[in-house]
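The structure under discussion appears below in the form of structure tokens.
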Amino acid sequence: MSQTIRRKATTVRKTAAAQDKKAKVSQAKARTGSAVDMAMAALPFTEAQLHRMFLILILAGAALLAWVVASAAGLPSFAGLQLAQVASDAGFEVRHVDVRGVKNINELKVYERALAQQDRAMPLVDLESLRQDLLALSWVKDARVSRQLPDTLVIDIVEREPHAVLRKADRFVLIDDTGHELETVARGRAQGKLIVSGMGAGQQVVALSKLLDAAPALKPRVQEAEWIGNRRWNVTFKTGQVLALPEGERESAGALVSFARLDGTNRLLGGKVTIFDMRAGDRIYLRIPGREAEAAALKAGATRKAGDN
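Note that numbering that gives the first Met the number 0 gives residue 0 to position 1 of the sequence shown, counting from 1, and the numbers run on in steps of one.
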């Protein structure tokens, strides 16, 4: 005999409780979604940029996993190649070179070295090796090479400053303030620059600058300096007159200062005298065209006294 089981109908109270629970769940979801939207809006990235960042993280994770697996198998070089391949596939390879700070140097010489890295995966670019190649260029004083992801090498060049022209037997060479040779130049480009000559003069440029700094009034009037016998200087002024200085750093600086003061009072430069010889410690010899003998015009004692005042 069959029996029918009757269930009690859902009460109004239960129905209201269920609806209230459903409403609370919907409100919680809405609040959570709103908070997430607000957090996303606060980030300084667009949605497309976030997707790209997540893609990079995923690729980096894959590359790291490949490196770990390869290293565990005793194949670190293979791991490096795998990492580079993954990076290259993701667009991290050299496609552009940005050279900065170039003014005097031939920019093509920089690009010749940098473009050897073109189409190479970024992890495989040896930045220090490229920097050393750039430092071998005569004009480059310093260089910095960096990666600008995903596809650009940035090269910052610090150039040497041209300071003087070194006159050699067969050519003129532009040099910086340390005597470092920059490039061969035509005679015309030497105009207006200090010309240095004599055996070993290039190594004496720093000492020459210090010497000329002792007499700032004369410095812009000096046209050439010749290093004589690897021991002393002959200075030629723009007037064509020559000043023979004594040996020794202190002695030559003192003589130059004394000459500057004498010129200030007697206007020696621009006169008839062609050579001023201050190599003797007690007097200055003057050479005038048409006279066979040298005349001692000023005693060194008076010169030294003028230099002390």
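C-beta: ideal position from N, C-alpha, C; glycine also.
Keep in mind it's a predicted model, so treat the numbers as computed, not measured.
| Asked | Found |
| --- | --- |
| Asn233 vs Glu225 beta-carbon contact at 8 Å | yes |
| Distance CB(Ala243)-CB(Val195) smaller than 8 Å | no |
| Short Cβ contact (8 Å threshold) for Glu160 with Val139 | no |
| The segment 247-260 / the segment 204-214 touching (three or more Cβ pairs under 8 Å) | yes |
| For Asn233, the first and last residue of its enclosing beta strand (DSSP E) | 231-236 |
| Proximal residues to Pro288 (C-beta, below 8 Å), its chain only, five neighbours per side dropped | Lys271, Thr273 |
| Pick from Arg220, Gly228, His179, Val93 that is closest to Phe236, judged by C-alpha positions | Arg220 |
| Beta-carbon spacing of Thr183, Arg170 below 8 Å | yes |
| Host alpha helix (DSSP H) of Ala243 (start-end) | That residue, Ala243, is in no alpha helix (DSSP H); its beta strand (DSSP E) goes 241-243. |
| Rounded separation between Gly263 and Arg286 - CA only | 19 Å |
| Candidates Arg231, Glu92, Asp175, of which the one nearest Asn103 by Cα | Asp175 |
| Which listed residue (Gln131, Leu267, Gly201, Lys209) has its alpha carbon closest to that of Glu180 | Gly201 |
| Continuous beta strand (DSSP E) assignments of at least 3 residues falling wholly in the segment 124-195 | 139-147, 151-158, 163-166, 171-174, 180-184 |
| Minimum C-alpha distance to Met52 - residue among Ile227, Pro149, Arg278 | Pro149 |
| DSSP bridge partner residues for Ile57 (one or two, in chain order) | In DSSP, Ile57 forms no bridge with anything. |
| Beta strand (DSSP E) segments (min. 3 residues) lying fully within the segment 192-224 | 193-196 |
| Of the listed residues Ala168, Glu223, Met198, Val205, nearest to Lys192 (C-alpha basis) | Glu223 |
| C-beta contact flag for Val98 and Glu111 at 8 Å | no |
| Distance between Gly228 and Arg143 (C-alpha atoms, nearest Å) | 41 Å |
| Beta-carbon contacts of His95 that lie in its chain and below 8 Å, excluding the five residues immediately before and after | Asp150, Thr151, Leu152 |
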